[in-house]
Structure formats: structure tokens, C-alpha cells
Amino acid sequence: MSTAMKAPGTAADRLVTFTERVLTHRRRRRRRIEEKQRKKNIIVDWLEAFLWAAVVVLLINQYLLQAYQIPTGSMIDTLLEQDRVFVNKVIYGPELIPGMLKVSGLVQPTRNEVVIFENPSYISRGPGFEVLQRLVYMVTLSMVDINRDEFGRPRAQFLIKRAVGVEGDRFRNNEGVIEIRPQGASDWMSESAFQELSGISYPVNRMLEPQDYEVLRAGAQAAGLQDVGVPLSPSQDAALRAASQVRYPDGVYIDTYRSEMRYMARPYDSRLRSRRFFHEQGWYVPEGRLLLLGDNRDNSLDGRSFGSVSKERVLGRGMFKYWPPSRIGPIR
Numbered sequence: 061m062s063t064a065m066k067a068p069g070t071a072a073d074r075l076v077t078f079t080e081r082v083l084t085h086r087r088r089r090r091r092r093i094e095e096k097q098r099k100k101n102i103i104v105d106w107l108e109a110f111l112w113a114a115v116v117v118l119l120i121n122q123y124l125l126q127a128y129q130i131p132t133g134s135m136i137d138t139l140l141e142q143d144r145v146f147v148n149k150v151i152y153g154p155e156l157i158p159g160m161l162k163v164s165g166l167v168q169p170t171r172n173e174v175v176i177f178e179n180p181s182y183i184s185r186g187p188g189f190e191v192l193q194r195l196v197y198m199v200t201l202s203m204v205d206i207n208r209d210e211f212g213r214p215r216a217q218f219l220i221k222r223a224v225g226v227e228g229d230r231f232r233n234n235e236g237v238i239e240i241r242p243q244g245a246s247d248w249m250s251e252s253a254f255q256e257l258s259g260i261s262y263p264v265n266r267m268l269e270p271q272d273y274e275v276l277r278a279g280a281q282a283a284g285l286q287d288v289g290v291p292l293s294p295s296q297d298a299a300l301r302a303a304s305q306v307r308y309p310d311g312v313y314i315d316t317y318r319s320e321m322r323y324m325a326r327p328y329d330s331r332l333r334s335r336r337f338f339h340e341q342g343w344y345v346p347e348g349r350l351l352l353l354g355d356n357r358d359n360s361l362d363g364r365s366f367g368s369v370s371k372e373r374v375l376g377r378g379m380f381k382y383w384p385p386s387r388i389g390p391i392r
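The sequence shown begins at 61 in this note's numbering and counts up by one.
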């Protein structure tokens with residue numbers, strides 16, 4: 061054999077050979093993947109696709125935008141019951157794990173923003189259930205809520221209200237009308253006057269007529285006497301029954317204002333002094349907290365019942381309504 065035939069190949073020959081090997085390996089690998097896909101059960105294939113989609117939805121809901129369904133009519137007409145909305149969770153800082161380890165956000169919630177927060181009156185069923193419930197709620201875009209009471213009704217773990225008061229404010233409720241004394245002010249002013257003075261605007265919906273408060277006041281006085289063990293006269297008993305029959309337009313019984321005005325019956329009784337103090341002096345909003353109220357003032361369980369809420373409990377800002385189609389639009 062000649063010397064020329066024994067000489068090793070050139071660099072170009074070696075490059076060609078290497079390229080052919082790489083391409084052949086890639087072709088074989090692709091063929092193996094295609095064979096594996098053909099053999100895979102279609103149910104498994106769909107399950108994998110669903111799980112990947114669920115993971116993506118979960119990550120978006122947990123850290124960016126969360127879907128939330130409005131559970132009650134407390135924000136009418138801003139938000140209606142059964143509206144579905146997206147909440148911005150980045151702005152105030154998301155939780156690393158659902159219900160745990162909330163991180164700092166870009167800004168702090170402030171006055172006039174519509175926010176979602178943990179219900180201070182909510183009683184947890186334990187961390188395991190809470191994580192599971194929130195995972196299911198987020199993955200299904202708020203369409204499935206396993207957190208229900210013994211009657212099958214959703215338990216309100218989260219509420220959505222408007223931040224009406226900020227730290228340093230004082231508020232009081234005068235027959236359903238909110239009065240405000242901002243930090244540094246010496247006089248009380250109506251909520252509408254405060255809106256005009258501060259240059260902000262938001263709707264306030266009322267469902268009770270002024271004459272309803274006369275009935276409620278008389279009933280509240282009778283209820284207060286009953287609470288401290290004083291026998292009621294026939295007229296007081298009738299007033300109590302009349303107050304219990306004051307209804308909202310949708311037929312729901314009202315009890316909120318009875319409890320707010322019971323102090324009027326026996327203001328000197330020790331059990332009622334705190335109600336008198338809060339009626340006259342108002343609620344004070346401490347540092348780092350917000351007073352959150354529903355725009356539908358006569359049908360809202362809010363800060364008038366559970367007090368101010370820590371900003372750490374505020375999970376996100378309402379951004380826009382996405383369902384039903386006729387309601388699509390920003391939340392203001």
C-alpha cells in the first residue's frame with residue numbers, strides 16, 4: 061500500500077466525519093422521541109398538558125394576577141355580586157406560599173384604592189386546608205371554591221373593599237353617613253365634603269330610607285334595655301319588632317344599625333360605654349393600618365364591624381372586571 065493512502069485525513073475530512081456523526085445522533089434521538097410519543101397513552105398526554113397549564117396558571121395567580129369572584133353585594137355599584145375580577149398581586153408584594161411568607165411590594169396601599177384582603181373575622185381550618193383551597197381556587201380561576209360552611213355557602217376568606225381611611229384618620233357613623241376627621245383637622249366633615257376637599261371621587265350606594273333610621277333608633281333603644289335586663293313596655297316591645305322587620309330592597313333582614321345604636325338606651329351602663337365612645341369620638345386608624353369600607357354602605361360587613369386592617373393583610377389591588385362580558389372594564 062502506498063504512503064499516500066496511509067496518510068491521515070485532512071482537517072476538512074475530520075470535520076465532515078464529526079458533523080455526520082452529530083447529525084446521525086440527533087436523527088436517531090429524534091426518531092426515539094417520536095416513537096415514544098406514538099406509544100404514549102393519549103390520556104397521559106392530555107394529563108401532562110393539563111398539569112403544565114395548571115402550573116402556569118398557578119404561578120400567574122400566585123405572583124402576578126389573581127382571579128377573584130365577588131361573593132356579596134357589599135361593593136354595589138362599583139362591583140356586583142358574581143363579578144369576576146383580576147387582582148394585581150405584584151404591587152403590594154405576593155406571598156411566596158399561599159397564605160404564608162408575604163414579601164414587600166413596590167408600593168403601600170393607600171386611600172381610595174379597591175383592595176382584596178384577608179377577612180379578619182375568618183377562622184382558618186388549618187394551613188394544609190388553606191393551601192389546598194387556595195390552589196384549587198386559583199387554578200380554576202375562582203370557579204371552584206371548596207371552602208364552604210355546613211350549609212354549602214362559601215366562607216368569606218377574602219374580602220374586597222375600598223380603602224376609605226388611612227393612618228391618622230378618625231371616622232364615625234351617623235345614621236349610615238360616614239363622617240371623617242382627617243389627621244390634623246379639628247372638625248368633623250361628611251364623606252362627600254371630604255371627597256371634594258381631597259379631590260378624590262368614588263360612589264357610595266345607600267339602600268335605606270331616612271325614615272328607616274327612626275324605626276331603627278327606637279328598636280335599638282329597646283334592644284339596649286333588653287340587653288341589660290330591663291323589662292320592656294308594650295310600646296318598646298313593638299318598637300323592637302318593627303326594627304327587626306326593616307328590610308333591604310333584596311329582602312335581607314338588617315341588624316347592623318341596631319347594634320350600632322344600642323348605646324343610646326343606657327349610655328351609663330358599663331357594657332355600653334364603648335359604643336358611646338366610638339359613636340362620639342370615632343374610630344381611630346393607627347399607623348400601618350387602613351379602614352376598609354364597602355361602597356354599598358347599608359349592606360356591607362366591613363371596618364365598622366371588625367375595625368382597621370393591617371396593610372400586611374392586604375393582598376392586592378383590584379385591576380379590572382373580566383366577566384361577565386357586559387361588565388368588562390377597569391375597577392375605579
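We put the beta carbon where it would ideally sit given N, CA and C, even for glycine. Small disclaimer: the values here were computed from a predicted structure and weren't measured.
*Give a yes or no on whether the C-beta atoms belonging to E144 and I157 are separated by under 9 Å.*
Sequence inspection shows Arg at residue 144; the Glu mentioned does not correspond to that position. Not closer than 9 Å, so no.
*Leaving out five residues before and five after V306 in sequence, what residues of the same chain have Cβ atoms less than 7 Å from its Cβ?*
Cβ neighbours of V306 beyond the five flanking positions: D272, V275, L276 and I314.
*Through-space distance from N265 to I388, alpha-carbon basis*: Straight-line Cα distance between these residues: approximately 21 Å.
*According to DSSP, residues forming a beta bridge with S250*: E239
*Mind reading off the beta-carbon distance from A253 to G279? Whole number of angstroms is fine, and I expect it under 8 Å.*
With a contact defined as Cβ atoms closer than 8 Å, A253 and G279 miss out at about 30 Å.
_Helix, strand or coil for G188? Go by DSSP, reduced to three states._
helix
*Use the C-beta contact count for N234: other C-beta atoms within 10 angstroms, 16 or more gives buried, fewer gives exposed.*
exposed
*Going by other Cβ atoms of all chains shown within 10 Å of its Cβ, with 16 needed for buried, is Y328 buried or exposed?*
Because Y328 carries a pLDDT of 41, less than 50, the predicted location of this residue cannot be relied on, and the following value inherits that uncertainty. Residue environment analysis places Y328 among the exposed positions, since fewer than 16 neighbouring C-beta atoms fall within 10 angstroms of its C-beta.
*From which residue to which residue does the beta strand (DSSP E) around R377 run?*
V374 to W383
*Would you mind giving the Cβ-Cβ distance between D137 and P294, rounded to the nearest angstrom? I have them listed as a contact below 8 Å.*
Not a contact, Cβ separation roughly 42 Å.
*So Y273 is in the alpha helix (DSSP H); what residue range does that whole segment cover?*
P270 to D287
_Three-state secondary structure assigned by DSSP to I183_ = coil
*Just curious, the alpha helix (DSSP H) that F110 is in, first and last residue?*
I102 to Y123
*In this structure, what does DSSP give as the bridge partners for E141?*
Its beta-bridge partners do not exist; DSSP assigns none.
_Residues in the same chain with beta-carbon distance under 8 Å from T70, minus the five sequence neighbours each way, listed in chain order, please._
none
_Same chain, Cβ closer than 6 Å to L166, five either side skipped, listed in chain order_ = I151
*How about S365 and G225: do their beta carbons lie closer than 9 Å?*
no
*asked:* Quick check on G348: buried or exposed, where buried means 16 or more other Cβ atoms within 10 Å of its Cβ?
replied: exposed
*Below 8 Å on the Cβ atoms is my guess for P169 versus L350; work out the distance and round it to an integer in Å.*
6 Å
*Which one of Q243, F211 and F110 has the shortest CA to CA distance from S258?*
Q243
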